[in-house]
Every structure is written in C-alpha cells, then in structure tokens.
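Line by line, the protein sequences give chains A and L. Counting in our numbering, the first sequence runs from 8 upward without gaps. Counting in our numbering, the second sequence runs from 612 upward without gaps. Written below as structure tokens is the structure these notes are about.
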Amino acid sequence: MASGHEQALGALYDRWVTLVHSLVLRLVQDTNDAEEVVEEAFWQAWNQAGRYDEARGAVSTWLTTIARSRALDRVRARQRLREEPWSQLDPQQTEMTREVEAEGDPLQHAEASEQRAIVLAALGALPREQRQTLELAYYGGLSQSEIATATGQPLGTVKTRVRLGMEKLRERLGMLREETR
Amino acid sequence: MTGPLAHEAARMLLAAEALDALGGEERGALLAHLASCPTCTRELAELRDAAGALAYTPATTPERSERVRSRLLARAAADARFRSTPPAAPASQPPRSTATAPSRARPLPWLLAAAVALMAAALGAYVVREHDHATATRQQLATLQESHATLQSDLAVREKELAALTGPDVQVVEMTAGGVRPPSGRMFWDQASNRWTFIGHRLPQPAPGRAYQLWLITPGKRPLPAGAFTPGTSGDAVVRAEFALPRDSLAAVAVSVEPSAGVKLPTGPIILQGKP
C-alpha cells in the first residue's frame, strides 16, 4: 500500500506530466529518451521539493526548469558521445515498441492547451527577431554569446532582443491572463 | 569584469538570466548582486515565470506513462524504507508505542513544502517575499547539484549503451568487406530491449551528397532501412536505434552507399554485410 509520500509523488506526477512530457519530448526529440528524462526530472523535483521557493517563481516554472535542464543535459550528452538520433527509419515499416500508454487526464490536457493558446498569442505579438532569439535561448539552451555566434548577429543586438523580448512577453502574458479571468 | 555590479547594470541582465542564457562571468556578478537586492530578486522571479511560459508552447502530448509512474513510486518507496531506519536514539527520547505508524526520518517541513507545491495552479499569481542572505548559498548549492545531475545524465547514457552491447540477450553480427584495409563493423542486437547498436571502423568518408545507410534484411521481405549516417574523421561510426524485430527473423545486416537524404530500398554498392 502506497505511503503518504508515494501518493504525493504520484499526485505530483499526475498533475504535471502532460506539461513536462510535452516539453521534454520537444527538446530531446526521442520518445525513449523523453521517458527517461521525464522520470529523472520528477525524481529530482521530488528530492528537491523542500527547496522549492515561491519567491523564485511559480511551481510550473520550477518544474519545467528542472525538466528543461535534464533534457538539455541529455541532448548535450548525446552530442558529446556522438550518438546518432534515429530519425530516418521508415515509419511504415517500424513497429512501435512502447507499450500503449494510459490516456492522460482530459481536463489536464485541456488546461495545458488553453495555457498554450495564451502563450502562443503572447509570443505572436513579438517582433520575429525577438521571438526567434527567445526560442534559441529556451529550446537550444544557448547562451547570448552562443546565439550571437550561431546567428551572426552582434552580441549587443542579441542582448537587446533578449531584454526587450522578455519584457514584452511578460507584459503580454499579464494582459492576456487578465482578459481570460 | 571586476567590482560589484551597479543596480541598473544588474537589471539589464535579468532577462537573460531568466532564460538561463547568461555567460559565466556576468552570471556570477549578477548572483552576487541578487544576494542583497530584493527588487531585482522579485523582478527575476517574474521574468522566470514569463520564461517558464515558453514551456507551454510545444504541442501537448496526451499520453502519460504508467511505467514511469510506477518506477517513480517504487523509487520513493525504496528511499523511504532506507531513510526510515531509525538513527541511534538518544537516551532522552520517549519509548515508541507499537500502535503508531513507523516514524519517517524525513523532516515534516519537507512534506509540507511538497503539499504546498501540489496546491498551486499552473502559471499562478506571482507571490513574492523578501529574501534573506541565504539566497547566494542556495544558488551555489543549485550550481553544484546541476553539475552532479549532468554527471548522472552522462552515466545514464553510458550504462544504456553498455547494456545494449553486453546483455545476455545480445546477438552480435560480424560484418566484413573485401580489400586490403577494409572497413569493418558489428551490429549488436539486444533482443531483450530491442536496442540496436552498429559500430563501424575504417569507413571512408562518402562522396559529397552521399551517406552510408544501414539495412536489416529479413527473410522473404524487403530490406528495412535502419538509419543513414556519416563516419567521423577517424572512420568510426556509432548508430543506435530501437525497434522490435521478432527473434530469429534477422537474415542479414548490410551497409550501402546512398544519397544522403536516404532511400527506401538499397540502390548503391554494399560496402559491409554480415549474417547472424
């Protein structure tokens, strides 16, 4: 019989798995790696739950930050160890090896979709270069200097785009959340 | 960068820090400033939440893995059992009644914090508080834990790789070619986990626009494309994949030279092949 500890961890998993799994899959692009990274992210969050500090941000931010870090670690480890991602296999000839997963909670799925719509609307209001810079930082795990190198833009330009993009994003998110209340 | 950051200069760095995109030197200077600036700390929390919103942009996947859920609970159970071994009791402790539940060594505030975390809504209201000077110490601890986690991550990848080569259900297919210093390869097929690992040596660089492609040949069926790759400058290549093939249904493994975009059926010369 699960103890209170395990039940709480199960509840944490149930509450956030949709968001965490979607993000991790987007970052690692591999369903098996995603499964392992999702498990490690929840395990880390569980072990560090005592360190969660409201003053540093919302729960979703804290969890997705952990998930994003573990996912980027896995991507970088794969690159370091020169592992080829499995991307060319003909899908019609591949058998799916993952067991059929349980259907997620439809309410949670709907909530995540609604939040996603809000965020996409906020991002859509940004100038293209600012949005692309934020995406490179968030999904690519790149530092500002690395973004400058990757895009050929001056470092000062990248820094300005990061600053203005984040300020606009914060502002738009605040407005959109007010509207949906 | 020497000397402490001025407040305005620190404010300019917050957005990048929220995205985890600050370089090491600037980050160190900012963290030092944050240790004594509640205004910047508050603003950073708001920007972090805005950055956290980017986590919502990928398409939502509805599936949740029962396997992962069970494994997590099993790990927690094993952990709790390990931790609930009572420490050496000081003489002043009252005798434990046999009717009560076994005591847990984890302190109660930890459990409360976990419970609080569960109650919060997604993208909730920004709750802010004053910080004390423990912030800098916590951030240093966070950095150390990140390094630890990176090492764990690398270790996990290595362990997975080893298992696919050395497990009891691994079938090894030796692959050869003619010639004086021929390329060679092996395909490791871990039939327990359906993980395939191809390791090739002395593979020449393919011509521009061309790449090698792996094939799994099954009796009576078309060859299955198993991944396109180009070797490293040393001529070595490692390709990994996972998919299920019934045991005893592998007739051969082959590598051919194809257009780099990949093809559905082999068209080019076969440079390596082997039978199980």
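In this text, a Cβ means the ideal position worked out from N, Cα and C, and glycines have one as well.
- Of all alpha-carbon atoms in L:634, L:622 and L:815, the one lying nearest the alpha-carbon of residue 656 of chain L is that of L:622.
- Going by C-alpha positions, residue 75 of chain A is about 12 Å away from residue 662 of chain L.
- Residues of the region 615 to 630 of chain L with a C-beta less than 7 Å from any C-beta of chain A: 623, 626, 627, 629 and 630, listed in chain order.
- Taken in chain order, the members of the region 627 to 653 of chain L whose beta-carbon sits within less than 8 Å of a beta-carbon on chain A are 627, 629, 630, 631, 632, 633, 634, 652 and 653.
- With three or more CB-CB distances shorter than 8 Å, the region 24 to 44 of chain A counts as touching the region 671 to 681 of chain L.
- Looking at L:867, L:823, L:801 and L:869, the one whose alpha-carbon comes closest to that of residue 854 of chain L is L:801.
- With 16 or more other Cβ atoms inside 10 Å of its own Cβ, residue 154 of chain A counts as buried.
- In the structure shown, residue 872 of chain L adopts coil according to DSSP, grouped into three states.
- In this structure, L:680 is the residue among L:665, L:654, L:652 and L:680 with its C-alpha nearest to the C-alpha of residue 53 of chain A.
- Going by beta carbons, residue 871 of chain L and residue 792 of chain L fall outside the 9 Å limit.
- Taking 9 Å as the threshold, the shortest C-beta distance from residue 660 of chain L to chain A falls below it.
- Using beta-carbon distances, residue 670 of chain L counts as an interface residue toward chain A, with a partner under 9 Å.
- Three or more beta-carbon pairs separated by less than 8 Å link the region 805 to 815 of chain L to the region 843 to 862 of chain L, which places the two stretches in contact.
- Below 8 Å, too few C-beta pairs join the region 29 to 43 of chain A and the region 632 to 650 of chain L to call them touching: fewer than three.
- In this structure, the alpha-carbon of residue 667 of chain L lies about 30 Å from that of residue 620 of chain L.
- By the rule that beta-carbons nearer than 9 Å mark a contact, residue 785 of chain L does not touch chain A.
- Beta-bridge pairing by DSSP links residue 616 of chain L to no other residue.
- Where residue 835 of chain L is concerned, the enclosing beta strand (DSSP E) starts and stops at 835 to 840.
- Under the three-state reduction of DSSP output, residue 683 of chain L falls in the helix class.
- Its Cα nearest to that of residue 120 of chain A, the residue L:665 stands out among L:665, L:624 and L:682.
- Residue 823 of chain L carries a strand assignment under DSSP once its states are collapsed to helix, strand and coil.
- With a cutoff of 9 Å on beta-carbon distance, residue 836 of chain L and residue 886 of chain L are scored as not near each other.
- In the DSSP annotation of this structure, residue 797 of chain L is not part of any alpha helix (DSSP H); the continuous beta strand (DSSP E) holding it starts and ends at 795 to 801.
- Under DSSP, residue 809 of chain L takes part in a beta bridge, and its partners are L:798 and L:850.
- If the five residues before and after residue 860 of chain L are omitted, its C-beta is found closer than 6 Å to the C-beta atoms of 829, all from its own chain and listed in chain order.
- For residue 637 of chain L, the enclosing alpha helix (DSSP H) begins and ends at 635 to 645.
- Only 52, 53, 54, 55, 56, 57, 58, 59, 60, 61, 62, 63, 64, 65 and 66 from the region 52 to 66 of chain A bring a Cβ to less than 9 Å from some Cβ of chain L.
- Nearest C-alpha to residue 48 of chain A among L:764, L:645, L:624 and L:796: L:764.
- Rounded to the nearest angstrom, the gap between the Cα atoms of residue 647 of chain L and residue 152 of chain A is 27 Å.
- Annotation: the continuous beta strand (DSSP E) that includes residue 785 of chain L extends over 781 to 786.
- Exclusion of the five residues before and after residue 788 of chain L leaves 794, 882 and 883 as the residues of its chain whose Cβ lies within less than 6 Å of its Cβ.
- At a C-beta separation below 8 Å, residue 878 of chain L has no neighbours in chain A, since its nearest C-beta there lies roughly 15 Å away.
- Counting only the Cα atoms, residue 137 of chain A lies some 28 Å from residue 649 of chain L.
- For residue 122 of chain A, the nearest CB of chain L lies under 9 Å from its own CB, placing it at the interface with that chain.
- For residue 814 of chain L and residue 796 of chain L, the gap between their C-alpha atoms comes out near 9 Å.
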